[in-house]
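Structure record follows, encoded as structure tokens.
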Amino acid sequence: MKAGLKLESVDEELVETPEFEEEMQGMELVKKAPALLQAKRLIEAALFQANRALSFKELSEVLGGKEYVPGLLHELKSELDASDSAITLSMTEDKAFLEVKPDYLEKVAFLSKQTELSRKATRILALIGKKGQLLQSELKNYFRGEIYAYIAELKDFGYIEATKQGATRLLKPSKKFFDTFQLTA
């Protein structure tokens, strides 16, 4: 029994050392490792399935309200970069999304989802997206023929926002535009 008491006193001395506390924290991390790995894979699956930028809040909801989403995202990004994958994880201050690295994008872009837009509406949208904003009256300098029907098509699908500006409208890409085409504003 005395030996047991002696061990307890030794244990108390060990508990007070920083090395022991560090070792115990390491053991806790080892215990949590499978759960963290599972959470990281769940984030990866969510980003792949969504095919759009997901907010940290959305990813937290996928994980059941966990707070460590940014750390898991940084680990996932490091894994993808280290594995020389054709996919990369991009992040803004509060969102994350998977995208194809530029070296591979040119060769596989034709496989991307087809949009529901007509060809001319797509070309108009590309111009508005490239310029950032454009007056509707300026479109006649770039395109011939009917423009208003294509603008209506783009507004109906939610790809642009139009605000009245004098006798014309100021056209800007919408949030849906940036999410669909995986661009940042």
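Per this note's numbering: the sequence shown = residues 905 to 1089.
Glycine included, each C-beta is placed from N, C-alpha and C at the ideal position.
Residue i versus residue j: straight-line alpha-carbon distance, rounded
{"i": "residue 1108", "j": "residue 1087", "result": "Any property of residue 1108 remains undetermined from this structure, which presents the chain solely from 905 to 1089."}
{"i": "residue 1003", "j": "residue 947", "result": "14 Å"}
{"i": "residue 1079", "j": "residue 1064", "result": "8 Å"}
{"i": "residue 1070", "j": "residue 1041", "result": "11 Å"}
{"i": "residue 949", "j": "residue 965", "result": "14 Å"}
{"i": "residue 1058", "j": "residue 1021", "result": "8 Å"}
{"i": "residue 1061", "j": "residue 1073", "result": "17 Å"}
{"i": "residue 943", "j": "residue 955", "result": "18 Å"}
{"i": "residue 988", "j": "residue 1009", "result": "15 Å"}
{"i": "residue 983", "j": "residue 975", "result": "12 Å"}
Contacting residues, own chain, Cβ-Cβ under 7 Å from residue i (five flanking each side not counted)
{"i": "residue 977", "result": "947, 993, 995 and 1000"}
{"i": "residue 1046", "result": "1031"}
Of the residues the options, the one placed nearest residue i, counting alpha carbons only
{"i": "residue 1083", "options": "949, 957, 991 and 1043", "result": "957"}
{"i": "residue 1076", "options": "1010, 973 and 1038", "result": "1038"}
{"i": "residue 1049", "options": "953, 1025 and 1013", "result": "1025"}
{"i": "residue 979", "options": "955, 945 and 997", "result": "945"}
{"i": "residue 973", "options": "955, 988, 983 and 940", "result": "940"}
{"i": "residue 998", "options": "1056, 961, 955 and 1010", "result": "961"}
{"i": "residue 1023", "options": "1068, 1051 and 953", "result": "1051"}
{"i": "residue 1033", "options": "1056, 983, 1068 and 1081", "result": "1081"}
Same chain, Cβ closer than 6 Å to residue i, neighbours up to 5 away in sequence not counted
{"i": "residue 1028", "result": "1054"}
Residue i beta carbon near the ligand NAD (any heavy atom closer than 7 Å)
{"i": "residue 1022", "result": "Ligands in the displayed structure: none, and consequently the ligand NAD is not present."}
Nearest-angstrom beta carbon gap, residue j and residue i [assumed within contact, 8 Å]
{"i": "residue 986", "j": "residue 1005", "result": "Contact doesn't hold; Cβ gap of about 14 Å is too wide."}
Residue span of the beta strand (DSSP E) that contains residue i, given as start and end
{"i": "residue 1000", "result": "999–1004"}
Other residues of its chain near residue i: CB distance less than 8 Å, five sequence neighbours each side excluded
{"i": "residue 981", "result": "992, 993 and 995"}
{"i": "residue 971", "result": "964"}
Residue i: first and last residue of the uninterrupted alpha helix (DSSP H) it sits in
{"i": "residue 1028", "result": "1023–1035"}
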